[in-house]
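First residue of the sequence shown: -15, per this note's numbering; consecutive thereafter.
Comments concern the structure below.
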Amino acid sequence: MKGRAVYIKTFGCQMNEHDSERMLGILGTKGFIEVDEPKKADIVIFNTCAIRHKAEQKFFSSLGRVKHLKKKNPQLKIIVAGCSAQLQGEKLLNKLPYIDYIIGPDNLHVIENIIENQVSHRIFTDENPEVANINLPVKRKDCVKAWVNIIYGCNNYCTYCVVPYTRGKERSRCVDDIIKEISLLGEQGYKEVTLLGQNVNSYKDGNTNFPLLLEKVEKIEGIKRIRFITSHPKDLSKELVDVMKDYKKICEHIHLPLQAGSNKILKLMNRKYTYEEYFEKICWLREAIPDIAITSDIIVGFPQEQDEDFEKTINALKEIRFDGIFAFKFSPRLGTAAAKLDGHISEEVKTARLIEVLKLQDEITERKNKRLEGKIQEVLVEGKDEEGFTTGRTRTNKVVKIYSDIKAGEIVNVKIAKTHRHSLEGDIIST
Ligand code: 5AD
Ligand code: SF4
C-alpha cells in the first residue's frame, strides 16, 4: 500500500520548529512520510507564529497557495497548528472554511486521533494542564543536535507579547522525562542538546531548578555540548552563572533579550528589570566566563519611545557590545496591553530606528568577529552548506566554514583564517 504523505511548513521560533518535529514524530509512527511540496501530500500542516504581524501575513499567503489543491484532491486535509491557530481558533475556521482542523500548541497529540478519524470536532485549543507530561515521539531534522523541551508556556506577560495567550501558563516538564530523553539522544549519537523554553531560568520540578537541571544534563554520556534558550534577565541568577562557568559541556553563549535601553520603556514593557540591573548581569557573565558570546533581542518603536529613549537603546548596544542581535519593529498584537497604550510610533520612525540599530550592531559584530582571526576555535561539525563546504559552530554559536571535508558530528579545532559579519572560516589544525 502506498504510504501517506505529509507536508509541513513551520513559521517562527525554535519552539515551533520542535513542535513540528513532534507532529512529524506522531505521523511517522502512523506510516506517514514527509514530502517537500504540498501537492504531493495527503495532509498539509501550517505550524503558525503570531509574534508579529509579518509572521502572520506570511502564513496567510502560504495558506492561500494551497487552497486550490483541495479541488484536485478532495481528501486532502489542511491543518493549522501553532500560535495563530490558538489565538484565532473559530474565527479562522469561519473565515477560511477550507481549513479542516485547528490545533493549538497544547494539543499536538490530537493529530493521532485526527488521522484515525476519531474526532468529533475541528478546533482543539483548550488549555491542556498535562502538556508537560505528554512525551510525544519526535522525528528530528538533524542527527547531530537536538532540541529538548523543558518548560512550556510563560507567566511573564511582557506587555507587547502574545505568547502567554498562545502557549498558556508556565509548566515545567518532569526532570526524569528530560533526563531520559537526553540520555537516549546521547546513545543515538547526538552531540548537542538545546534546552527549550520561553523562560528556561524559571524551570522548577520539585527541588530541581534550572542550574540543578543543567548539572544533571552535564553528566549524560555522549552529549558534548549543552545550550539553552531563552533566558529572562530578571531570573538569571549567580547560581546559573557559576554552573555555566564550572561545567565544561555548557557552551559559552547566552541569548539574553534586553528589548530596550530606556528604563521608562522597560517599565512599560513590564520587563521587571532596569537597564542597570541588566548590565550588572552582563558583568557577572563576562567576569566568570571571559570568552562568552552574548546575543540579544531588541524592539524599536515601542509606544511612547521618544528620541531620548531610543538613544538609550543605542547607548546600550555601544556599551554592551553584543555578539549579535535580533531587532524588530514593535508590532501591536491584539489583546496585549501594549497594543492599547497611547503614543504609538509611526512606521517611518520605526523603520529609521531599526535601520540605525542594525547598522550599529553590524559594525560591532564585524569587529568582534575580526578579533577571532588567527585564533583556534572548537567546532562541532554539522554538515555541508549549499556550496558543499563543511560547516559547524563554535561553542559561542558562530557559524564556521571549514576548508577540509569532515564528517558531521566530529568536534575539531579550527584556526580561523577569515571572518565575516555572520560567519567565520578556516581549516582544522592537528590536535
Ligand atoms: N513586536 C515586536 N517584537 C516582538 N517580540 C515579541 N513580541 C513582539 C512584538 N509584539 C520580540 C521580542 C522577543 C522576540 C522573540 O520577539 O524581542 O524577545
Ligand atoms: Fe513573551 Fe516576555 Fe514571555 Fe518572552 S518572557 S515569551 S517576551 S511574555
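Don't be surprised by glycine CBs; every beta carbon is placed ideally from N, CA and C.
Rounded to a whole number of angstroms, what is the C-alpha to C-alpha distance between residue i and residue j?
i      : j    : result
G376   : E5   : 22 Å
K251   : K232 : 36 Å
T143   : A336 : 23 Å
T178   : E202 : 12 Å
V184   : S407 : 27 Å
G(-13) : E18  : 10 Å
Q243   : L220 : 16 Å
V227   : H239 : 16 Å
K222   : W268 : 8 Å
T258   : E350 : 28 Å
A(-11) : P241 : 39 Å
A277   : K368 : 24 Å
T374   : V398 : 12 Å
C(-3)  : G9   : 19 Å
H216   : N139 : 11 Å
Looking only at DSSP bridge pairs, what is residue i linked to?
i    : result
W131 : T178
P77  : Correcting the residue identity first, residue 77 is Leu in this sequence and not Pro. In DSSP, L77 forms no bridge with anything.
R255 : Bridge partners of R255: none, in fact.
Q243 : I282
I234 : I210
G376 : V365, V384
A277 : H237
D20  : D20 is not bridged to any residue.
If contacts are defined as beta-carbon pairs under 8 Å, then residue i and residue j qualify, I think. What distance do you get, rounded to the angstrom?
i    : j     : result
L92  : M(-1) : The pair is not a contact, with the Cβ atoms about 12 Å apart (cut-off 8 Å).
F314 : I339  : About 15 Å; that fails the 8 Å criterion.
K385 : E409  : 4 Å
D293 : K248  : 6 Å
K125 : G137  : Not quite, the Cβ-Cβ distance comes to about 24 Å (not below 8 Å), so this is no contact.
Y85  : I98   : 6 Å
L169 : I207  : 7 Å
If I follow the unbroken alpha helix (DSSP H) through residue i, where does it start and stop?
i    : result
H37  : 37 to 50
H2   : -2 to 13
E199 : 194 to 202
K55  : 53 to 56
G170 : 159 to 171
K402 : Per DSSP, K402 belongs to no alpha helix (DSSP H); it is in the beta strand (DSSP E), 395 to 403.
Along the chain, where does the beta strand (DSSP E) that runs through residue i open and close?
i     : result
K418  : No answer is possible for residue 418: the residues shown for the chain start at -15 and end at 415.
L408  : 408 to 412
K222  : No beta strand (DSSP E) contains K222, which is instead part of the alpha helix (DSSP H) from 222 to 230.
N31   : 27 to 32
K385  : 383 to 386
K(-7) : -11 to -6
I87   : 85 to 87
Any heavy atom of the ligand ADP inside 7 Å of the beta-carbon of residue i?
i   : result
H52 : Because the ligand ADP does not appear in the structure shown, any question about it cannot be addressed here, the ligands present being the ligand 5AD and the ligand SF4.
- In chain order, which continuous runs of the alpha helix (DSSP H) of length 4 or greater are located wholly inside the region 95 to 147? The qualifying runs are 95 to 99.
- Query: Which ranges would you report for the beta strand (DSSP E) in the region 303 to 366 if only whole runs of at least 3 residues count?
  - Reply: Residue ranges of uninterrupted beta strand (DSSP E) with 3 or more members, entirely inside the region 303 to 366 and ordered along the chain, are 308 to 313.
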